[in-house]
Amino acid sequence: MLYRAPRGTLDILPEDQPYWRHIYDRIHHICALYGYRQIETPIFEETSLFVRGVGETTDIVEKEMYSFTDKGGDPITLRPEFTAGTVRAYIEHGMHTLPQPVKLYSIGPAFRYERPQAGRYRQFFQWNVEAIGEQDPAVDLEIMSVAWQLYDDLGFQNLAFQLNSTGCPQCRPNYLQVLVDYYRGHQEHICEDCQRRLERNPLRVLDCKNEVCQPIIAAAPQIMDYLCQECAEHFATLRGYLDELDRPYTINHRLVRGLDYYTKTVFEVWAEGIGAQNAVCGGGRYDGLAEELGGPPTPGIGFASGLERIVLTMKQQEVVVPALPAPRIFVAYLGPEAKTEAVKLAVELWEVGLGATLAFGGRSLKAQMRQAGKLDAAFTLILGEKEIEAGQVAVRDMVRGEQVEVARGEVISWLRQRLSGG
Ligand code: HAM
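In this note's numbering, the protein residues as written are 1 to 422.
Here's what the structure looks like:
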């Protein structure tokens, strides 16, 4: 039997790592720039944290969680997202006593039992960013800018924010009633899923992809017309900032997001060309979440971006990434006696901080040279009986194809000078 990676999971192979390393580098740089500090919470949490946080009637909780009872009998779930865990940590560690907002970010895997396709996996990495403890719409702008800056730094083209408001517990129930009444008038024309959504989670009808529902959605009442004064002002202020900054955005009345904690602002960034799953990031405000999880009333806003989708977009848009550092020196030898000297020389190089690859397996010198070429070594050091007797090392410049003898005691400083361009 041949084992394969579980369905919906990816091996991130060495050839893809330059993309990942570059993204990580940019993320840490940008988060430092905006004053976000890293936090890592557990990959699993008590199941009820997600049921209460993400919402009982969401697809995530109903169908997608990797939940199990552990050996001690406790219900556990692999995190399907980071926000619930991050807000749990905020409450647990009394972060409301710190200057607000508390600005946090994390990078790590999340798990959802979804139907795998391009850009949609069962284990995927998220860069998750949260600003907890402040309701000023300028925080919404800051959070959106953090996401934007990464895509801008990476050189992405043709991106735009999708923006909407989901209202608040004051105004949303009224809108939901209007929406349900409207849908009841079209009951016989909507898909079965939407029939069910109307009972369980009516806002989600706006997100339906089924053909038959599209005309009904297009003519549905829009939440913008039902926002309370506070939500309308919040939205207008945020739009004002985005307009001032000339940030491209589209008001998308259908953007409702798949998690129940959202209030007021919700947004996504879409990238074309990475398949049906084109949201490189999604987020929004969750002013009721901390209270829902047993903490003090605390506003918050954040987003998460799927790293696999960022890599897909980078490849699709042909973004060039720096190569990862690799040893530039190859240590070769001729015969068993020289091999011991070669081992000693390689260890010396490593200890002084010069990257080197040591030849293994007693292959012919020709084969060793071929390997050095494949590894793109800049210099190959060759030790044979002759060199050892003369107290020298043969150094082959792999680019110029020239070979010189360097005294064994001087080879490190010689290499240092040449590798630094001297
Ligand atoms: P989300 O929209 O469920 O939001 O996920 C955020 C991003 O994670 C998506 O835009 C996508 O890039 C990536 N993603 C989600 N599911 C998958 C998947 N199955 N495969 C690959 N990538 C995926 C959240 O998770 C919220 N917690 C975001 C947030 C933070 N809201 C406030 N704070």
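For every residue, glycine included, the Cβ atom is placed at its ideal position computed from N, Cα and C. Just so you know, these numbers come straight off a predicted model, no measurement behind them.
Got a sec? Which residues, its chain only, sit under 8 angstroms from residue i by beta carbon, not counting five neighbours each side?
i: residue 55; result: 61, 201, 259, 260 and 261
i: residue 248; result: 159, 160 and 161
i: residue 9; result: 121, 122 and 123
i: residue 388; result: 337, 338 and 341
i: residue 293; result: 49, 52, 53, 84, 87, 88 and 91
i: residue 395; result: 379, 380, 381, 382, 403, 404, 405, 406, 411, 414 and 415
i: residue 187; result: 195
i: residue 325; result: 355
i: residue 350; result: 356
i: residue 335; result: 384 and 385
i: residue 63; result: 113
i: residue 7; result: 116 and 122
From the DSSP output, which residues share a beta bridge with residue i?
i: residue 270; result: 160 and 279
i: residue 128; result: 106 and 304
i: residue 69; result: 75
i: residue 285; result: 263 and 301
i: residue 249; result: 161
i: residue 380; result: 330 and 396
i: residue 407; result: 392
i: residue 37; result: 104
i: residue 214; result: Note: residue 214 sits in no beta bridge, so no partner.
Between residue i and residue j, which are expected to be in contact by the criterion C-beta below 8 angstroms, what is the C-beta distance as a whole number of angstroms?
i: residue 116; j: residue 179; result: No, residue 116 and residue 179 are not in contact; Cβ-Cβ is about 32 angstroms, not under 8 angstroms.
i: residue 407; j: residue 417; result: With a Cβ gap of about 14 angstroms, residue 407 and residue 417 do not count as contacting.
i: residue 263; j: residue 287; result: 5 angstroms
i: residue 139; j: residue 101; result: 6 angstroms
i: residue 19; j: residue 311; result: 5 angstroms
How would you call residue i, buried or exposed, if buried means at least 16 neighbouring beta carbons within 10 angstroms?
i: residue 81; result: buried
i: residue 148; result: buried
i: residue 413; result: exposed
i: residue 3; result: exposed
i: residue 429; result: The question about residue 429 has no answer here: the residues shown for the chain are numbered 1 through 422.
i: residue 233; result: exposed
i: residue 360; result: exposed
i: residue 144; result: buried
i: residue 17; result: exposed
i: residue 68; result: exposed
i: residue 283; result: buried
i: residue 37; result: exposed
i: residue 511; result: This structure cannot speak to residue 511, because the chain is shown only from 1 to 422.
i: residue 1; result: exposed
i: residue 58; result: buried
i: residue 72; result: exposed
i: residue 309; result: buried
If you drop the 5 nearest sequence neighbours on each side, which residues of the same chain put their C-beta closer than 6 angstroms to that of residue i?
i: residue 330; result: 357, 372, 377 and 380
i: residue 153; result: 26
i: residue 131; result: 101, 103, 139, 143 and 301
i: residue 137; result: 234, 237 and 238
i: residue 118; result: 275
With H, G and I counted as helix, E and B as strand and the rest as coil, what does DSSP make of residue i?
i: residue 174; result: helix
i: residue 134; result: coil
i: residue 9; result: coil
i: residue 56; result: coil
i: residue 230; result: helix
i: residue 320; result: coil
i: residue 337; result: helix
i: residue 114; result: coil
i: residue 326; result: coil
i: residue 190; result: coil
i: residue 360; result: coil
i: residue 445; result: A query on residue 445 cannot be resolved here, the shown segment of the chain reaching from 1 to 422 and no further.
i: residue 222; result: coil
i: residue 348; result: helix
i: residue 402; result: strand
i: residue 257; result: coil
Got a sec? Which residues, its chain only, sit under 7 angstroms from residue i by beta carbon, not counting five neighbours each side?
i: residue 211; result: none
i: residue 78; result: 43, 44, 66 and 111
i: residue 313; result: 156, 271, 274 and 280
i: residue 442; result: Outside the shown range of the chain, which is 1 to 422, sits residue 442, and nothing can be said about it.
i: residue 197; result: 204 and 205
i: residue 22; result: 321 and 322
i: residue 5; result: 11
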